[in-house]
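The structure appears below as structure tokens.
Numbering (my numbering), first residue to last: 2 to 149.
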């Protein structure tokens, strides 16, 4: 018999609600959370046996303009792209790139070795590697075949 832990249930509920908002409402309001600033960036998240790997396409920034945090199994990426439209010597004919603050967060549903997380930014691609703790790694169990 497992003892009921109400805090774990509340945490799971919070993760579920965040996921619902991220998946369903973000396309309508932009992933920054405001109607007037739709600045967002594409992200791929995949796993292998040892790691969760997050790849985010965030071109046009320096690495110190991007902040990555991991708190309570929530990974957040935030920063700001300066607005080049304010240059006095330029008259813009077309503006398609987004500027301003950006923020994305993701729930990571695996136990992570927090002190071993790495982030690398190169050529506009941010790659974050979150190493899984031993208990989160899949364990292969051999199946014996018995002949009767």
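Just so you know, even glycine gets a beta-carbon here, dropped at the ideal spot from N, CA and C.
Predicted model, so just to flag it, every value in this text is computed and none were measured.
The beta strand (DSSP E) enclosing residue i, as first and last residue numbers
| i | result |
| --- | --- |
| residue 57 | 52–58 |
| residue 130 | 126–132 |
| residue 67 | 67–72 |
| residue 6 | Premise fails: residue 6 is in no beta strand (DSSP E) and is neither H nor E. |
| residue 123 | 119–123 |
Residue i to residue j span [Cα, whole Å]
| i | j | result |
| --- | --- | --- |
| residue 28 | residue 104 | Per-residue confidence for residue 28 stands at a pLDDT of 46, beneath the threshold of 50, marking its modelled position as unreliable; the derived number appears in the next sentence. Answer to the nearest angstrom: the Cα atoms are 14 Å apart. |
| residue 95 | residue 132 | 43 Å |
| residue 122 | residue 64 | 6 Å |
| residue 4 | residue 17 | 22 Å |
| residue 19 | residue 140 | 30 Å |
| residue 75 | residue 82 | 23 Å |
| residue 12 | residue 124 | 36 Å |
For residue i, the three-state DSSP class (helix, strand or coil)
| i | result |
| --- | --- |
| residue 31 | Since pLDDT at residue 31 reaches only 39, below the 50 mark, its modelled position is unreliable, and no value is offered. |
| residue 84 | coil |
| residue 48 | strand |
| residue 38 | Here the model assigns residue 38 a pLDDT of 49, short of 50, so the residue's position is not dependable and the matter cannot be decided. |
| residue 105 | strand |
| residue 18 | helix |
| residue 62 | coil |
| residue 12 | helix |
Beta-carbon separation (whole angstroms), residue i vs residue j, contact threshold 8 Å
| i | j | result |
| --- | --- | --- |
| residue 55 | residue 72 | That belief does not hold up - the Cβ atoms of residue 55 and residue 72 are roughly 15 Å apart, past 8 Å. |
* To do: Report yes or no: do three or more beta-carbon pairs, one from the segment 89–105 and one from the segment 121–132, lie closer than 8 Å?
  => no
* **Three CB pairs or more closer than 8 Å across the segment 58–76 and the segment 133–148** => no
* To do: Decide if the segment 43–62 is in contact with the segment 106–117; the criterion is three or more beta carbon pairs, one per stretch, under 8 Å apart.
  => yes
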